[in-house]
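Colleague:
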Amino acid sequence: MAKASARHILVPTEADCNTLKTMIEGGEDFAEIAKIHSKCPSGKQGGGLGEFSPGQMVREFDEVVFSGEVGKVLGPVKTQFGYHLIEITKRTA
Numbered sequence: 212m213a214k215a216s217a218r219h220i221l222v223p224t225e226a227d228c229n230t231l232k233t234m235i236e237g238g239e240d241f242a243e244i245a246k247i248h249s250k251c252p253s254g255k256q257g258g259g260l261g262e263f264s265p266g267q268m269v270r271e272f273d274e275v276v277f278s279g280e281v282g283k284v285l286g287p288v289k290t291q292f293g294y295h296l297i298e299i300t301k302r303t304a
């Protein structure tokens, strides 16, 4: 079964998400941005979500994690919780 590890940043608006993505693409550290800005409790750990299988996260999040490019910052991804930036750190088939 496929498994993935990812980290994310959750913010309330798409504009916030785009601003943070630009900062990260400009060289800011993903984990530090997560600690400061993420509205998810995982932000305290730099946004790390650990390892999970398909179906353990909400559908929109799952679709990105199990099809997106590993190591790239993806998003904004809209879910019922808000807007996410997602970085897939590892994935196995």
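The numbering of the sequence shown is the numbering used here, which starts it at 212 and goes up by one.
For glycine and all other residues, C-beta sits at the position ideal for the given N, C-alpha and C.
Only a predicted model underlies this, so the values are computations on that prediction, with no experimental measurement involved.
The alpha helix (DSSP H) that contains Val276, what's its start and end?
Modeller: 270-276
Colleague: Taking the straight line between their C-alpha atoms, what separation do you get for His248 and Val275?
Modeller: The straight-line gap from Cα to Cα measures roughly 21 Å.
Colleague: Do Gly259 and Arg218 have their beta-carbon atoms positioned less than 8 Å apart in this structure?
Modeller: yes
Colleague: Within 10 angstroms of the Cβ of Glu243, are there 16 or more other Cβ atoms? Answer buried if so, exposed if not.
Modeller: exposed
Colleague: Within a Cβ cutoff of 6 Å, which residues of the same chain sit near Ser216, ignoring the five residues on either side of it in sequence?
Modeller: Glu262, Thr300, Lys301
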